[in-house]
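First comes the structure, then the notes that go with it.
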Amino acid sequence: MSARASARRPRARREGGAGLDVFIYGGGKVGRGLARAIRDAGLSVTLRAARDGLPEERIDADLVILAVRDRDIAPCAEALRDRALVGHRDVAVVHCAGALGPEALEAVRSDRVAVAQMHPMISFASPSFAPSLARGQLHVDGDPAAVRAARSLGARLGMTPRTLPGLDRVAYHAAAGLVANGAAALAAGGIDLLERAGVDRTTAAQMLGPLLRTVADNVEALGVPDALTGPVRRGDATAVARHLETLRRLAPHLVPFYVAAGATQLPLARALGEAPPAAFDAIQQLLDGIKHRG
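Residues 1 to 294 in full-length UniProt numbering are what the sequence shown spells out, letter by letter.
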């Protein structure tokens with residue numbers, strides 16, 4: 001982008017956040033979650049479900065958030081442009097996709113419309129349950145005015161806005177999915193096993209939720225490998241063997257999950273070095289034996 005083109009980008013209006021007007025298009029999990037958080041922060045927000053289509057009248061907002069599926073972002077940008085719904089005033093238009101950059105909004109970009117990617121690294125699981133955004137990370141990238149508006153909103157919501165130059169967005173999004181979706185899948189396995197151990201499903205979820213939160217706190221505060229706990233970290237091959245024996249008896253379908261998780265833990269445990277190398281070698285042999293048997 002040329003320096004002249006950059007200079008023509010609009011200035012974000014009321015960037016301090018006190019009077020920021022936000023319009024969210026998309027009433028799914030992300031849209032509803034953001035709308036509730038923005039409203040709770042004392043800001044003006046209008047939420048419009050995608051099933052209702054874009055409004056007929058011009059959108060009078062400082063920040064327009066497209067909280068729609070990835071494949072719908074570019075068509076929405078084109079519709080905003082073609083129907084002149086934005087551009088009559090300085091405005092920032094952002095999308096919430098993790099794997100797409102600001103270029104997905106190129107169609108609507110103009111002298112008065114700045115665009116950006118604004119991806120909250122937060123797990124939005126249900127339209128009826130809004131997760132806390134406090135301490136969450138918000139990746140923002142795009143035109144300076146749109147970045148300023150998005151960063152201002154993120155800070156107002158208690159998030160930490162970041163711009164990561166040269167980011168591989170697909171790898172970034174895959175990392176987020178690996179952790180968020182992988183944790184949910186592992187929790188499902190844990191609930192299954194607890195049920196087989198005699199715990200009812202509701203209680204099992206109540207038990208594992210706080211456990212997952214403490215893991216998240218440890219990762220944030222300590223990083224890895226220090227956040228690792230359990231028998232692999234301690235080099236306790238006997239405990240691992242007992243786990244595997246019980247899994248084969250009660251839930252053989254979970255054995256591959258346990259083996260894969262254990263194999264991922266071993267390099268972390270070796271780096272911590274809280275047991276002799278031979279102890280970790282014994283765990284490796286146990287896991288390898290299951291792999292070869294499977």
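No residue lacks a Cβ here, since even glycine has one placed at the ideal position from N, Cα and C.
Legend entry - Among Leu157, Leu272, Lys29, nearest to Leu222 - alpha-carbon criterion: In the sequence shown, counting from the first residue as 1, residue 222 sits at position 222. Comparing Cα positions, the closest option is Leu272.
Legend entry - Gln59 versus Val91: straight-line alpha-carbon distance, rounded: One-based indexing of the sequence shown puts residue 59 at position 59. One-based indexing of the sequence shown puts residue 91 at position 91. Looking at the sequence shown, residue 59 is not Gln but Ile. If I take the Cα positions, the gap works out to 10 Å.
Legend entry - Where the beta strand (DSSP E) containing Ile24 begins and where it ends: Locating residue 24 in the sequence shown gives position 24, counting from the first residue. Element bounds for Ile24: 21 to 25.
Legend entry - the stretch 174 to 192 contacting the stretch 145 to 164, beta-carbon criterion three pairs below 8 Å: no
Inset, instruction - Please report the residue range of the beta strand (DSSP E) in which Ala275 lies. - result: As a position in the sequence shown, residue 275 is number 275, starting the count at 1. Careful: Ala275 lies outside any beta strand (DSSP E) and carries neither H nor E.
Inset, instruction - Report yes if the CB atom of Phe280 is closer than 9 Å to the CB atom of Gly235, and no otherwise. - result: In the sequence shown, the residue the question calls residue 280 occupies position 280. In the sequence shown, the residue the question calls residue 235 occupies position 235. Contact flag set, yes.
Legend entry - Option nearest Asp111 by Cα separation, candidates Arg89, Cys96, Met118: Position 111 of the sequence shown, counted from the first residue, corresponds to residue 111. The option with the nearest alpha carbon to Asp111 is Arg89.
Inset, instruction - Using the Cα positions of Gln285 and Arg293, report the straight-line distance between them to the nearest angstrom. - result: For the purposes of this step, residue 285 is taken as the residue at position 285 of the sequence shown. For the purposes of this step, residue 293 is taken as the residue at position 293 of the sequence shown. Spanning the two alpha carbons is a distance of roughly 12 Å.
Legend entry - Cβ-based neighbour list, Val68, same chain, cut-off 7 Å, excluding 5 preceding and 5 following: The count along the sequence shown starts at 1 and reaches residue 68 at position 68. Only Tyr25, Gly26, Ala50, Cys76 meet the Cβ criterion.
Inset, instruction - Go ahead and pull the three-state DSSP assignment for Arg203. - result: Taking the sequence shown and counting its residues from 1, one reaches residue 203 at position 203. The sequence shown places Thr at residue 203, not Arg. Residue state, collapsed to three classes: helix.
Legend entry - DSSP-derived helix/strand/coil call for His243: One-based indexing of the sequence shown puts residue 243 at position 243. Looking at His243 - three-state DSSP - the assignment turns out to be helix.
Inset, instruction - Using the Cα positions of Gly101 and Pro277, report the straight-line distance between them to the nearest angstrom. - result: As a position in the sequence shown, residue 101 is number 101, starting the count at 1. As a position in the sequence shown, residue 277 is number 277, starting the count at 1. Spanning the two alpha carbons is a distance of roughly 45 Å.
Legend entry - Coarse secondary structure for Gly289, derived from DSSP in three states: For the purposes of this step, residue 289 is taken as the residue at position 289 of the sequence shown. Gly289: helix per DSSP, three-state reduction.
Inset, instruction - Report yes if the C-beta distance between Gln265 and Val232 is below 9 Å; otherwise report no. - result: The residue labelled residue 265 in the question sits at position 265 within the sequence shown. The residue labelled residue 232 in the question sits at position 232 within the sequence shown. Their beta carbons are under 9 Å apart, which means Gln265 touches Val232 by this criterion.
Inset, instruction - Name the residue from Ala251, Gly28, Gly98 whose alpha carbon lies nearest to the alpha carbon of Glu195. - result: Residue 195 sits at position 195 when you count from the first residue of the sequence shown. Measuring from the Cα of Glu195, the nearest candidate turns out to be Ala251.
Inset, instruction - Pick helix, strand or coil for Thr229, following the three-state DSSP scheme. - result: For this step, residue 229 is matched to residue 229 along the sequence shown. Correct three-state label for Thr229: coil.
Legend entry - DSSP state of Arg58 mapped onto helix, strand, coil: One-based indexing of the sequence shown puts residue 58 at position 58. Of the three classes helix, strand and coil, the one that applies to Arg58 here is coil, per DSSP.
Inset, instruction - Using the DSSP secondary-structure output, state which residues sit across from residue 306 in a beta bridge. - result: For residue 306 there is no data in the structure shown, the boundaries of the chain being 1 and 294.
Inset, instruction - Check whether the Cβ atoms of Leu228 and Val259 sit closer than 9 Å, and answer yes or no. - result: Position 228 of the sequence shown, counting from 1, holds the residue named residue 228. Position 259 of the sequence shown, counting from 1, holds the residue named residue 259. Result no, Cβ atoms of Leu228 and Val259 do not sit closer than 9 Å.
Inset, instruction - Give the straight-line distance between the Cα atoms of Gly189 and Ile73, rounded to the nearest whole angstrom. - result: The residue you call residue 189 lines up with position 189 of the sequence shown. The residue you call residue 73 lines up with position 73 of the sequence shown. Rounded to the nearest angstrom, the two C-alpha atoms are 34 Å apart.
Legend entry - Reduced DSSP category for Leu85 - H, G, I as helix; E, B as strand; rest coil: Counting from 1 along the sequence shown, the entry for residue 85 is found at position 85. Coil.
Legend entry - Test item: CB-CB of Val30 and Val64 under 9 Å: Reading the sequence shown from its first residue, position 30 is the one you call residue 30. Reading the sequence shown from its first residue, position 64 is the one you call residue 64. Contact flag unset, no.
Legend entry - Burial state of Asp217 (16 or more Cβ within 10 Å): Locating residue 217 in the sequence shown gives position 217, counting from the first residue. Exposed is the call here.
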